[in-house]
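**Q** Numbering (our numbering), first residue to last: -4 to 424.
Just so you know, even glycine gets a beta-carbon here, dropped at the ideal spot from N, CA and C.
None of these values were measured; they are calculated from a predicted model.
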């Protein structure tokens, strides 16, 4: 892991400036993340016609989609394809070139404010209508562009600017998912690859403040509702046996996903390709409404053990396919929750088979371990993935042991596959 080196001790006035800047970045990222989440819920409720009197309600997206008529589901996906195709085509044609957070952190390019905002709104709109991609990129991008804009108003060094932009991105993630520690760890482990004090403090501060701000509009409920779980020898043995399977599956999911994203079109073809893709998903949603959205419904379904082994396997296959085709069509979004959903579905299959011979484990136990292992390997963020699962579910810390075992094995297999298969034509993951 690369460590950023600092040879200068910041003066007191400099430290005060960075403190206040961290507070402002956290407040802004929290407000932006909360606003995007509220917009997503409003579009979902309006499009599918449920819980129209409250943006935040006890009715889940899956319940709302299931209550909608099949014709309405298909129309929403048709509209999703139309918005995706026309929106991103116009953005690529008339807007300033998009700059990723990674590119912004390199200091070579700056994120264009208006193009980034439009890009984020397109992601949220299409995901709300049923796109299978993750919603986490949009709040990260807005948090980063907000921090970048602020740093231009203050005379910061290149390194300090980089830290603030990364903290803004992590804080956006923290706000939209109610994961303060996960957001901070994402900044440290994924974006900056360092844990030194000058990064650790603002990362923790911005994510905590952003989460606090988001509570005012989104509440403090955990993302997933999980029954009480108790650890036993069977689930530890299961985690040892299945960890490599999650790593292998995550490798191929990400390898093909990366290839599809690289092959995506940005010209006029994106209009009909996204329309065709989302109409295909709309047809699938006539029979499997649970596949709509970023994958949260699939995860919750596995937590409640309402799917058979066969259905979990079928949904896993379909979710792989629609995620890949959406990326290839040119649609944009993240792969965090989709990866978690894949892990949950695979855990549903492997856990169901295990319970045929050793039926002593609550089904949700498989899902938290499998979800963490797949997510950690696919996104290359083991510590962040483990913490995210705990913050998503509020499960007991006893599950840290089997989770760490499965995550470690999954990462080993993922790295081995990346080295072994890199000589083959597909792009490396």
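By the DSSP assignment, the alpha helix (DSSP H) with residue 86 in it spans what residues?
**A** 65 to 89 is the span of the alpha helix (DSSP H), which, as asked, contains residue 86.
**Q** Would you list the residues sitting across from residue 129 in a DSSP beta bridge?
**A** Looking at the DSSP assignment, residue 129 forms a beta bridge with 329.
**Q** Using 8 Å as the threshold, is the stretch 10 to 24 in touch with the stretch 162 to 181, meaning 3 or more CB pairs across them?
**A** Touching, per the Cβ criterion.
**Q** On the three-state DSSP scale, how would you describe residue 219?
**A** Coil.
**Q** Using the rule of at least 16 other Cβ atoms within 10 Å of the residue's Cβ for burial, across every protein chain shown, is residue 257 buried or exposed?
**A** With fewer than 16 Cβ atoms within 10 Å of its Cβ, residue 257 is classed as exposed.
**Q** Mark residue 80 as exposed unless 16 or more other C-beta atoms lie within 10 angstroms of its C-beta, in which case mark it buried.
**A** Residue 80 comes out buried.
**Q** Apart from the five residues just before and just after residue 251, which ones in its own chain have a Cβ nearer than 6 Å to its Cβ?
**A** These residues qualify, in order along the chain: 319.
**Q** Grab me the residues of residue 314's own chain with a C-beta within less than 8 Å of its C-beta, minus the 5 sequence neighbours each way, in chain order.
**A** Contacts found: 127, 286, 290, 293, 333, 336, 337 and 340.
**Q** Going by CA-CA distance only, name the one from 381, 404 and 403 that's closest to residue 393.
**A** Cα-wise, what sits closest to residue 393 is 381.
**Q** Do you know how far the Cα of residue 241 is from the Cα of residue 344?
**A** For residue 344 and residue 241, the distance between alpha carbons rounds to 12 Å.
**Q** Note the first and the last residue of the continuous alpha helix (DSSP H) segment covering residue 317.
**A** It spans 304 to 324 - the alpha helix (DSSP H) in which residue 317 sits, taken as one unbroken run.
**Q** Taking contact to mean at least 3 C-beta pairs separated by less than 8 Å, is the stretch 39 to 48 in contact with the stretch 67 to 78?
**A** Yes: at least three Cβ pairs fall under 8 Å.
**Q** Would residue 83 pass as a contact of residue 325 if the rule is Cβ separation under 8 Å?
**A** In contact: residue 83 and residue 325 (Cβ atoms closer than 8 Å).
**Q** Where residue 405 and residue 189 are concerned, what is the direct C-alpha to C-alpha distance, given to the nearest angstrom?
**A** In a straight line, the C-alpha of residue 405 is about 23 Å away from that of residue 189.
**Q** Beta-carbon within less than 6 Å of residue 261's beta-carbon, same chain only, minus the 5 sequence neighbours each way: which residues are those?
**A** Cβ within range, chain order: 87.
**Q** If you draw a straight line from the C-alpha of residue 231 to the C-alpha of residue 94, how long is it?
**A** Cα-Cα distance, rounded: 43 Å.
**Q** Beta-carbon of residue 187 versus every beta-carbon of chain D: anything under 8 Å?
**A** Among the chains of the structure shown, chain D does not appear; only one protein chain is present.
**Q** If you reduce the DSSP assignment to three classes, tell me which class residue 253 lands in.
**A** Three-state DSSP puts residue 253 in a helix.
**Q** On the CB-based measure, 16 or more other CB atoms within 10 Å of its CB, does residue 346 come out buried or exposed?
**A** Flag for residue 346 reads buried.
**Q** Check whether the stretch 211 to 224 touches the stretch 129 to 147, taking contact to mean three or more Cβ pairs, one atom from each stretch, closer than 8 Å.
**A** No, the stretch 211 to 224 is not in contact with the stretch 129 to 147.
**Q** Compare the C-alpha of residue 178 against each of 207, 151 and 153 and name the closest.
**A** Residue 207 is the option with its Cα nearest to residue 178.
**Q** At a cut of 8 Å, does the stretch 296 to 307 reach the stretch 116 to 123 through at least three beta carbon pairs?
**A** No, they do not touch.
**Q** Runs of 4 residues minimum, wholly inside the stretch 224 to 293: which ones carry the alpha helix (DSSP H) assignment?
**A** Here the runs fully enclosed are 228 to 258 and 264 to 280.
**Q** Rounded to the nearest angstrom, what separates residue 102 and residue 239 at their Cα positions?
**A** Those two C-alpha atoms are separated by around 37 Å.
**Q** Thinking just about the alpha-carbon of each residue, which of 378, 49, 148 and 20 is nearest to the one in residue 180?
**A** Nearest of 378, 49, 148 and 20 to residue 180, Cα basis: 378.
**Q** Would DSSP call residue 393 helix, strand or coil?
**A** In the structure shown, residue 393 sits in a helix (DSSP, three-state: H, G or I).
**Q** Is residue 214 buried or exposed, if buried means 16 or more other CB atoms sit within 10 Å of its CB?
**A** That one is exposed.
**Q** Quick one: grab the DSSP three-state call for residue 150.
**A** Residue state, collapsed to three classes: coil.
**Q** Can you look up residue 55 in the DSSP assignment and give me helix, strand or coil?
**A** Three-state DSSP puts residue 55 in coil, outside helix and strand.
**Q** For residue 137, which three-state DSSP category applies?
**A** It is helical.
**Q** Quick one: measure Cβ to Cβ for residue 110 and residue 91, integer angstroms, because I've assumed they're closer than 8 Å.
**A** So it is a contact: roughly 5 Å between Cβ atoms.
**Q** Out of 278, 52, 349 and 387, which has the shortest C-alpha to C-alpha gap to residue 367?
**A** Per the Cα distances, 387.
**Q** Check whether the Cβ atoms of residue 50 and residue 33 lie closer than 8 Å to each other.
**A** For residue 50 and residue 33, yes; Cβs fall inside 8 Å.
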